[in-house]
Amino acid sequence: MAKSFDIEESFKLLDDIVQKLESGNLPMNEALRLYKDGVKLVEKCNVQMDKVEKQIVVLGEEEI
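Here it is, written out as structure tokens:
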């Protein structure tokens with residue numbers, strides 16, 4: 001069974017990635033790997049946020 005996506009945990013991971021990249025103390029291949037991981041996390045967060053936004057719109061329409 002797949003683990004459910006935790007957007008808060010993803011934001012924490014993204015913050016860690018940004019801090020590591022900003023340190024400037026990483027080998028190029030490690031920095032590139034972290035950057036790619038960060039891009040994937042951002043994409044997943046965007047998908048999740050779109051889903052939540054659609055749910056909010058539907059709930060708002062139900063109240064009208």
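Taking the working numbering, the leading residue of the sequence shown gets 1, the next gets one more, and so forth. Ideal placement from N, C-alpha and C gives every residue a C-beta, glycine not left out.
Quick one: residues in its chain with C-beta nearer than 7 Å to the C-beta of residue i, no 5 flanking neighbours on either side, listed in chain order?
{"i": "Lys20", "result": "Leu26 and Leu34"}
{"i": "Met1", "result": "Low per-residue confidence applies at Met1: pLDDT is 46, beneath 50, and the placement is therefore not dependable enough to give any value."}
Quick one: is residue i buried, meaning 16 or more other Cβ sit within 10 Å of its Cβ, or exposed?
{"i": "Gln55", "result": "exposed"}
{"i": "Gly38", "result": "buried"}
For the putative contact between residue i and residue j, defined by C-beta atoms under 8 Å, what is the C-beta separation to the nearest angstrom?
{"i": "Leu41", "j": "Leu14", "result": "5 Å"}
{"i": "Phe5", "j": "Lys44", "result": "6 Å"}
Relative to the alpha-carbon of residue i, which residue among the options has its alpha-carbon at the smallest distance?
{"i": "Ile7", "options": "Gly60, Glu63, Glu62 and Asp50", "result": "Asp50"}
To which residues of the same chain is residue i closer than 8 Å at the C-beta, ignoring the five residues directly before and after it?
{"i": "Val18", "result": "Gly38"}
Could you confirm whether any beta carbon from chain B is found closer than 8 Å to the beta carbon of residue i?
{"i": "Glu22", "result": "The displayed structure is made up of one protein chain only, and chain B is not part of it."}
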